[in-house]
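Going by the numbering used here, the sequence shown opens with residue 157, and the numbers climb by one from there. Where a beta carbon is used, it is the ideal one built from N, C-alpha and C, also for glycine. Values in this document were obtained by computation on a predicted structure and should not be read as measured data. Everything on this sheet refers to the single structure shown next.
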Amino acid sequence: MRKLFLIILLIVITQSCSTKYHGYVYDFDKETPLNKVKVYYKDSTDFVLSNKEGYFEVKKSATIKYLLFEKEDYRRFSLSTFDRQNEFIKEQPFGDTIYLISKNSKHRRPQIALPIRN
């Protein structure tokens, strides 16, 4: 039992120490993989392109807060890599699939209304 616990603990630790963000980029309406989506950090000139299965890998950076996803005829999407709550900064969990919305799509991403503080 203890051996099984140690194996599971080791797997969890190695997965959480990943040095890359990775996942898939799909078309929101068609639910198909998107090839050659430009994935990069905000204010960076380095980028990677998703492959024909929509898969991408980007090295993690401790100082970068946003990943951007761009493709011609699609709306640009930014994804926060960090979350700030109660003055503590923690790394955001990174999902498996990112969906991009075509500029011609009838769908829109929901707009988040921030509360006004007095």
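Would you call Lys-227 buried or exposed, if buried means 16 or more other Cβ atoms sit within 10 Å of its Cβ? buried
Compute the Euclidean distance between the alpha carbons of Val-181 and Arg-158, then round it to the nearest angstrom. 39 Å
Given that a residue counts as buried once 16 or more other Cβ atoms are within 10 Å of its Cβ, and exposed if not, what is Tyr-197? buried
Only counting the same chain, and skipping five residues up and downstream in sequence, which positions put a Cβ closer than 6 Å to that of Leu-235? Leu-223
Using the C-alpha atoms, what's the distance from Lys-194 back to His-178? 13 Å
Could you tell me the distance, in whole angstroms, from the CA atom of Leu-205 to the CA atom of Arg-264? 24 Å
In the DSSP assignment, the beta strand (DSSP E) including Leu-224 goes from what residue to what residue? 222 to 226
Nearest CA to the CA of Lys-262: which residue from Val-214, Tyr-230, Thr-219, Thr-237? Tyr-230
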